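Chemist: One structure, pasted below without further comment.
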Amino acid sequence: MAKTFVALVERTAMWDHSKQAHEQDGFADHAAYMGGLEQEGFIAMAGLLAQSEEVLFIFLANSEEEVRQRLAQDPWQRSGQAKLTRLEEAHFRIGAPAGAAPG
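Sequential numbering from 11 applies to the sequence shown in this note's numbering.
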């Protein structure tokens, strides 16, 4: 059964802060890639943190390395517009994502 991982991704200096996310270079490819990960059940949840503008992800994966490898294929990670800043396994006790191993 998959483990649950929590990740923080930040926008880098390559991010154009004068534009919305959907106006950024490479948005269509990024959205298609992430949508595929969501459909597979690899991304359980994701959302923008309002104060910091970091993106919080909850992944269901077999290992930290799997998360790193798959996230590295995101077009925005590859272009340098976004960067993984924190990744660790999480053991949720309440509201665990479907498919996650119990903590």
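Yeah, the Cβ is synthetic: ideal placement off N, Cα and C, and Gly gets one too. Remember, predicted model here, so these are calculated numbers, not experimental data.
Out of Val19, Leu70, Gln34, Ser62, point me to the one whose CA is closest to tryptophan 25's CA.
Modeler: Looking at the Cα atoms, Gln34 is the closest of the given residues.
Chemist: Would you call the region 51–58 and the region 91–104 in contact, with 3 or more CB pairs under 8 Å?
Modeler: Verdict: no, contact absent.
Chemist: Compute the beta-carbon to beta-carbon distance between phenylalanine 67 and valine 19, rounded to the nearest angstrom, for a pair I have assumed lies under 8 Å.
Modeler: Rounded, the Cβ-Cβ distance is 7 Å, consistent with contact.
Chemist: Helix, strand or coil, according to DSSP, for methionine 11 in the structure here?
Modeler: In the structure shown, methionine 11 sits in coil (DSSP, three-state: anything other than H, G, I, E or B).
Chemist: Is glycine 90 helix, strand or coil by DSSP?
Modeler: Glycine 90: coil per DSSP, three-state reduction.
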